[in-house]
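>
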């Protein structure tokens with residue numbers, strides 16, 4: 062009950078909808094909030110996560126702006142995955158990938174977001190990090206993405222790595 066004092070009623074309702082995976086309802090409710098409620102960090106966080114689950118990359122980019130938290134620069138997995146998804150979908154590039162390297166190569170990266178980020182790296186041929194990322198997270202990367210990685214290795218003429226991968 063003590064937490065109720067710190068949460069707006071709108072935050073509690075949005076969180077309940079999010080927990081129930083009623084993502085479309087979250088969007089409708091968020092749009093009906095006052096500007097003050099929309100800027101509440103909890104409400105904004107729920108909305109950003111919802112847009113990611115709905116794969117609404119344009120709205121994600123519009124709402125993330127250059128916020129360090131929502132662009133994943135603080136290492137919060139879901140925001141990093143959402144940002145990489147939105148950037149890849151917009152056919153843009155992450156302005157400074159080096160800001161993310163320590164999080165990308167961390168073993169604390171949540172398995173459910175590994176593939177989303179790997180797809181970004183493949184799409185943009187981020188050759189400096191893609192091999193390290195694959196080595197770090199290979200057990201969490203799905204088969205389709207591994208096949209795309211195999212094609213990538215051949216494209217960039219890393220035939221020995223491609224051959225080794227085909228043996229696994």
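Numbering (this note's numbering), first residue to last: 62 to 229.
Every residue gets a Cβ at the ideal spot worked out from N, C-alpha and C, and that includes glycine.
Values in this document were obtained by computation on a predicted structure and should not be read as measured data.
Going by C-alpha to C-alpha distance, which of 77, 71, 216, 217 sits closest to residue 100?
Of 77, 71, 216, 217, the residue nearest in Cα terms is 71.
> Give a yes or no on contact between the region 130-146 and the region 156-164, applying the rule of three or more CB pairs nearer than 8 Å.
They touch, by the three-pair rule.
> What ranges does the alpha helix (DSSP H) occupy inside the region 182-207, keeping only unbroken runs of at least 4 residues that lie completely in it?
Fully enclosed alpha helix (DSSP H) runs of 4 or longer: 188-198.
> Taking the C-alpha atoms as reference points, what is the distance between residue 149 and residue 172?
Their backbone Cα atoms lie some 19 Å apart in a straight line.
> Starting from the Cα of residue 178, find the closest Cα among 226, 223, 143, 79 and give me that residue.
Residue 178 has its Cα closest to that of 143, out of 226, 223, 143, 79.
> Ignore the nearest five residues each way along the sequence and tell me which others in residue 76's own chain have a CB closer than 7 Å to its CB.
107, listed in sequence order.
> Under 8 Å, do residue 194 and residue 146 count as touching if we go by C-beta distance?
Taking 8 Å as the Cβ cut-off, residue 194 and residue 146 do not qualify as a contacting pair.
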